[in-house]
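**Q** Take a look at this one; I'll ask things after.
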DNA sequence: GAATCTACTTGATTCAAATCAAGAACGCTA
DNA sequence: TAGCGTTCTTGATTTGAATCAAGTAGATTC
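Chains as they are written, first to last, in the working numbering: chain A, 98 to 286; chain B, 98 to 286.
So, in structure tokens, the structure goes:
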């Protein structure tokens, strides 16, 4: 059990106290490939920490799915917009690979952050990181051409191309699978 | 003086106490048209409430500016990513029209939210709204074609076209000014 | 009031990515 | 191992927006 929580330390150092409190509030869940963590229209009532596996976040669309983000082990998953405001989510989150996830309910998070300053810091840190991530994502979508987005992703996260089905990566880059395939042929040789 | 703060009540009801504390921590500043509220590379050290006027947020780019957001009276302005993490901003914020802005420093905000639960609620509300706004913006960029983004903006915020120079609107829609001009000719007749 | 600058429009052309179409490679299951 | 579905690739064609280019309208300045 303790082993499972060890990874959380990787993103933020915790006191033993805080660590124990966190363990006691957590619920460990498993998601099968293609199982939904969060469905559009539903309120996001918990935040998850991915122990192992991967997920993707996407917007439903009549024609095509619009994938906006990937989550791997040691990252935090959920819709902050829905979670904080307790309103229906406009995003979907679904497992790409089988996942082991440590889930924290809103109630538990509120208790934990009130009682443990370290955990309040951790929570603030996670929010910060999310804001930064979001700004970078917007920057990429607005400033860079599809081709440049591809090159940047290849440079910064080459492992994504190994682990994630390419049509999801194409969606993330906001291009068609055909175009991604051509980029790969052109630049990877 | 009190008159100036009256608008803050519009986004969140405050107790008289909280209201007074807020007033005492604020600094009222004016931005001339084209004056920067925040420049790329600089840490965002305060959050502003726009009393009057308008601003835009954009990402610098070698070829073209990539405009990502507009702010009008009664809205909150700043880079949360930079403000919270105290790291250099990757966005610029600049006045489009002359602005009257109520500014709050990080230090003051921390004090205010600690001492007044209502202000903590207000701050949480602002963060929430920001998350929601961001998700919607991403959705628009990922799911909708340029033409549809134009139509949606026209439907939801027609006043933007009256108040904001069209080349900024074009940048916001992630299209060239020429394309925006053609859409307008096509759909407004 | 002429000159300059910026904002916006309109037209012709180019180009990059989407679409349409078909087939290959791979895993899964029966 | 045969059959099926999904993923990925490759080619031909179309298309929507960018680019290039020129001109008009307004505002600002000298």
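Glycine is no exception: its CB is placed at the ideal position from the N, C-alpha and C atoms.
1) Please report the Cβ distance between residue 148 of chain A and residue 199 of chain A, rounded to the nearest whole angstrom; I am assuming they are in contact, meaning their Cβ atoms lie under 8 Å.
2) Give the DSSP bridge partners of residue 127 of chain B, in chain order.
3) Candidates B:146, B:244, B:196: which alpha carbon is nearest residue 129 of chain B's?
4) DSSP three-state label for residue 272 of chain B, please.
5) Under 8 Å between beta-carbons, which chain A residues line up against residue 229 of chain B? List them in chain order, please.
6) Can you check which of these residues, B:193, B:133, B:146, B:142, is closest to residue 120 of chain B by C-alpha distance?
7) Beta-carbon within less than 6 Å of residue 216 of chain B's beta-carbon, same chain only, minus the 5 sequence neighbours each way: which residues are those?
8) Can you name the residues that DSSP bridges to residue 166 of chain A?
9) Could you give the distance in angstroms between the alpha-carbon of residue 284 of chain B and the alpha-carbon of residue 111 of chain B?
10) Residue range of the alpha helix (DSSP H) that residue 242 of chain A falls in?
11) How long is the line joining the alpha carbons of residue 137 of chain A and residue 151 of chain A, rounded to whole angstroms?
12) The alpha helix (DSSP H) that contains residue 206 of chain B, what's its start and end?
13) Grab me the residues of residue 179 of chain A's own chain with a C-beta within less than 7 Å of its C-beta, minus the 5 sequence neighbours each way, in chain order.
14) What residues match up with residue 191 of chain A in a beta bridge as DSSP calls it?
15) When DSSP labels each residue in this structure, what does residue 261 of chain B get in the three-state scheme?
16) So the candidates are A:181, A:247, A:191, A:206; which of them puts its Cα closest to the Cα of residue 127 of chain A?
17) To the nearest angstrom, how far is it from the Cα of residue 234 of chain B to the Cα of residue 281 of chain A?
18) My output table needs one value for residue 109 of chain A: the three-state DSSP class, helix, strand or coil.
19) Starting from the beta carbon of residue 156 of chain A, find every residue of chain B whose beta carbon is closer than 9 Å, and list them in chain order.
20) Residue 248 of chain B to residue 276 of chain A, Cα distance in whole Å?
21) Between which two residues does the beta strand (DSSP E) carrying residue 172 of chain A extend?
22) Less than 7 Å between C-beta atoms, sequence neighbours within five positions excluded: which residues of the same chain meet that for residue 181 of chain A?
23) Compare the C-beta of residue 165 of chain A with all C-beta atoms of chain B and state if any pair is closer than 9 Å.
24) Using beta carbons (cut-off 9 Å, strictly below), is residue 187 of chain B in contact with chain A?
25) Between the stretch 164 to 171 of chain B and the stretch 260 to 276 of chain B, are three or more C-beta pairs nearer than 8 Å?
26) Start and end of the alpha helix (DSSP H) containing residue 308 of chain B?
27) Measure the CB-CB distance between residue 177 of chain B and residue 122 of chain B and report whether it falls below 9 Å.
28) According to DSSP, residue 140 of chain B sits in a beta bridge with which residue or residues?
29) Out of A:242, A:106, A:113, A:124, which one is the CA nearest neighbour of residue 205 of chain A?
30) Less than 8 Å between the CB atoms is what I'm expecting for residue 158 of chain B and residue 240 of chain A, so what's the real figure, rounded?
31) Quick one: Cα of residue 155 of chain B to Cα of residue 244 of chain B, how far?
32) Based on Cα-Cα distance, which residue from B:272, B:105, B:274, B:144 lies nearest to residue 183 of chain B?
33) Could you check the C-alpha separation between residue 269 of chain A and residue 229 of chain B for me, to the nearest Å?
34) Is the separation between the beta-carbon of residue 109 of chain B and that of residue 222 of chain B shorter than 9 Å?
35) Taking residue 218 of chain B as the query, report the chain A residues whose CB atoms sit under 8 Å from its CB, ordered along the chain.
36) Quick check: does the Cβ of residue 193 of chain B come within less than 8 Å of any heavy atom belonging to the ligand MN?
**A** Let me lay it out:
1) One-based indexing of the first chain puts residue 148 of chain A at position 51. One-based indexing of the first chain puts residue 199 of chain A at position 102. About 6 Å; that satisfies the 8 Å criterion.
2) As a position in the second chain, residue 127 of chain B is number 30, starting the count at 1. Per DSSP, B:197.
3) Counted from its first residue, the second chain places residue 129 of chain B at position 32. Taking only the C-alpha atoms, the option nearest residue 129 of chain B is B:196.
4) Looking up residue 272 of chain B in the second chain gives position 175. Residue 272 of chain B falls in the coil class under three-state DSSP.
5) Counting from one through the second chain, the residue named residue 229 of chain B turns up at place 132. What residue 229 of chain B touches in chain A: 178, 182, 184.
6) For this step, residue 120 of chain B is matched to residue 23 along the second chain. Nearest C-alpha to residue 120 of chain B among B:193, B:133, B:146, B:142: B:146.
7) Against the second chain, residue 216 of chain B aligns to sequence position 119. The residues 115, 209, 210, in chain order, have a CB closer than 6 Å to that of residue 216 of chain B in the same chain once the five nearest residues on each side in sequence are set aside.
8) Locating residue 166 of chain A in the first chain gives position 69, where the first residue counts as 1. Paired residues: A:154.
9) Position 187 of the second chain holds residue 284 of chain B. Position 14 of the second chain holds residue 111 of chain B. In a straight line, the C-alpha of residue 284 of chain B is about 43 Å away from that of residue 111 of chain B.
10) On the first chain, residue 242 of chain A is found 145 positions in, with the first residue counted as 1. Neither: residue 242 of chain A is in no alpha helix (DSSP H) and is coded neither H nor E.
11) What you label residue 137 of chain A is simply residue 40 of the first chain in a count that begins at 1. What you label residue 151 of chain A is simply residue 54 of the first chain in a count that begins at 1. Distance between the alpha carbons of residue 137 of chain A and residue 151 of chain A is about 19 Å.
12) Here residue 206 of chain B refers to the residue found at position 109 of the second chain. Per DSSP, residue 206 of chain B is one residue of the alpha helix (DSSP H) stretching across 203 to 212.
13) Within the first chain, numbered from 1, the residue matching residue 179 of chain A stands at position 82. So the list reads 140, 141, 185, 186, once near-sequence residues are dropped.
14) Position 94 of the first chain, counted from the start, is the residue given in the question as residue 191 of chain A. Note: residue 191 of chain A sits in a beta bridge opposite A:133, A:153.
15) As a position in the second chain, residue 261 of chain B is number 164, starting the count at 1. In the structure shown, residue 261 of chain B sits in coil (DSSP, three-state: anything other than H, G, I, E or B).
16) Taking the first residue of the first chain as 1, we reach residue 127 of chain A at position 30. The shortest C-alpha separation from residue 127 of chain A is found at A:191.
17) Reading the second chain from its first residue, position 137 is the one you call residue 234 of chain B. Reading the first chain from its first residue, position 184 is the one you call residue 281 of chain A. Rounded to the nearest whole angstrom, the C-alpha separation of residue 234 of chain B and residue 281 of chain A is 29 Å.
18) By 1-based counting over the first chain, the position of residue 109 of chain A is 12. If DSSP states are grouped into helix, strand and coil, residue 109 of chain A belongs with coil.
19) In the first chain, counting from the first residue as 1, residue 156 of chain A sits at position 59. Ordered by position in chain B, the residues that pass the 9 Å Cβ test against residue 156 of chain A are 232, 235, 236, 239, 240.
20) Counting from one through the second chain, the residue named residue 248 of chain B turns up at place 151. Counting from one through the first chain, the residue named residue 276 of chain A turns up at place 179. For residue 248 of chain B and residue 276 of chain A, the distance between alpha carbons rounds to 27 Å.
21) One-based indexing of the first chain puts residue 172 of chain A at position 75. Run containing residue 172 of chain A: 172 to 174, per the beta strand (DSSP E) assignment.
22) Position 84 of the first chain, counting from 1, holds the residue named residue 181 of chain A. Setting aside the 5 residues that flank it on each side, residue 181 of chain A has no residue in the same chain whose C-beta is closer than 7 Å to its C-beta.
23) As a first step, residue 165 of chain A must be located in the first chain, where it is residue number 68. Closer than 9 Å to some Cβ of chain B, the Cβ of residue 165 of chain A qualifies, so yes.
24) In the second chain, residue 187 of chain B corresponds to position 90, counting from 1. Answer yes: the Cβ-Cβ gap between residue 187 of chain B and chain A drops below 9 Å somewhere.
25) Under the Cβ criterion (8 Å, minimum of three pairs), the stretch 164 to 171 of chain B counts as touching the stretch 260 to 276 of chain B.
26) With chain B covering 98 to 286 only, the question about residue 308 of chain B has no answer from this structure.
27) Position 80 of the second chain, counting from 1, holds the residue named residue 177 of chain B. Position 25 of the second chain, counting from 1, holds the residue named residue 122 of chain B. Taking 9 Å as the Cβ cut-off, residue 177 of chain B and residue 122 of chain B do not qualify as a contacting pair.
28) Residue mapping note: residue 140 of chain B aligns to position 43 of the second chain, counting from 1. DSSP lists B:185 as partners of residue 140 of chain B.
29) Stepping through the first chain from its first residue, residue 205 of chain A is reached at position 108. Considering only alpha carbons, the answer is A:124.
30) For the purposes of this step, residue 158 of chain B is taken as the residue at position 61 of the second chain. For the purposes of this step, residue 240 of chain A is taken as the residue at position 143 of the first chain. About 5 Å separates the two Cβ atoms, so the contact holds.
31) Indexing the second chain from 1 puts residue 155 of chain B at position 58. Indexing the second chain from 1 puts residue 244 of chain B at position 147. Answer to the nearest angstrom: the Cα atoms are 21 Å apart.
32) Locating residue 183 of chain B in the second chain gives position 86, counting from the first residue. Sorting B:272, B:105, B:274, B:144 by C-alpha distance to the C-alpha of residue 183 of chain B places B:144 at the top.
33) Along the first chain, one-based indexing puts residue 269 of chain A at 172. Along the second chain, one-based indexing puts residue 229 of chain B at 132. In this structure, the CA atom of residue 269 of chain A is about 20 Å from the CA atom of residue 229 of chain B.
34) Position 12 of the second chain, counted from the first residue, corresponds to residue 109 of chain B. Position 125 of the second chain, counted from the first residue, corresponds to residue 222 of chain B. Contact flag set, yes.
35) Reading the second chain from its first residue, position 121 is the one you call residue 218 of chain B. The contacting residues do not exist; residue 218 of chain B stays about 12 Å from chain A at best.
36) Looking at this structure, you won't find the ligand MN or any other ligand, since it has none at all.
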